[in-house]
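Please read the structure below before turning to the comments.
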Amino acid sequence: MAGDEKASLRIDKWLWYARFFKTRSIASTACNGGRVRVGGKAISKASQLVKPDDVLTFTQGANIRVVKILALGSRRGPAPEARELYEDLAPIDSQKSRKTNSVGDTAIRDMGTGRPTKKDRRDIDKLRQNG
Numbered sequence: 053m054a055g056d057e058k059a060s061l062r063i064d065k066w067l068w069y070a071r072f073f074k075t076r077s078i079a080s081t082a083c084n085g086g087r088v089r090v091g092g093k094a095i096s097k098a099s100q101l102v103k104p105d106d107v108l109t110f111t112q113g114a115n116i117r118v119v120k121i122l123a124l125g126s127r128r129g130p131a132p133e134a135r136e137l138y139e140d141l142a143p144i145d146s147q148k149s150r151k152t153n154s155v156g157d158t159a160i161r162d163m164g165t166g167r168p169t170k171k172d173r174r175d176i177d178k179l180r181q182n183g
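In our numbering, the protein residues as written are 53 to 183.
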């Protein structure tokens, strides 16, 4: 299918073609749940039509994805082919660097030091009880 044959495509199909979701039913569920936005407006139907130059915002795991549709595609092809369908406006790498180290109740250790020993766990418990 050439880009001129069809001017729009269902959003669940496009998200599946672009390999953002493993199955089309998962993409459809995300769309029906209102977790996908087209041009900043939340959608409630997986049958919403999208076209090139539309900007989509949705969550993928713990990341917020913002992508601009460049092409519609005709199949769910390999990953290099899928990457040609969109332009990533908020790459995941920049999102990771912006996150602060707000770990919550867990103790912060240097990377690669392994699991805490029993003594370390006791010390952590003492700190939590006194703090």
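Beta carbons: idealized from backbone N, C-alpha and C, even for Gly.
Residue pairing for residue 117: DSSP places it in a beta bridge opposite 110. In the three-state scheme derived from DSSP, where H, G and I count as helix and E and B as strand, residue 62 is classed as strand. Collapsing the DSSP output to three states places residue 101 in a strand.
Between the region 83 to 102 and the region 127 to 144 there are fewer than three C-beta pairs closer than 8 angstroms, too few to call the two in contact. Per the coordinates, the alpha-carbon of residue 66 lies some 41 angstroms from the alpha-carbon of residue 162.
Following the DSSP letters along the chain, one finds residue 140 inside the beta strand (DSSP E) bounded by residues 138 to 140.
Per DSSP, residue 128 lies in no beta strand (DSSP E) and is assigned neither H nor E.
If the five residues before and after residue 109 are omitted, its C-beta is found closer than 6 angstroms to the C-beta atoms of 89, 118, all from its own chain and listed in chain order.
Secondary-structure assignment with DSSP links residue 93 through a beta bridge to 90. Cβ atoms of residue 122 and residue 137 come within 8 angstroms of each other, at about 6 angstroms. Residue environment: residue 86 is assigned as exposed (fewer than 16 neighbouring CB atoms within 10 Å of its CB, all protein chains considered).
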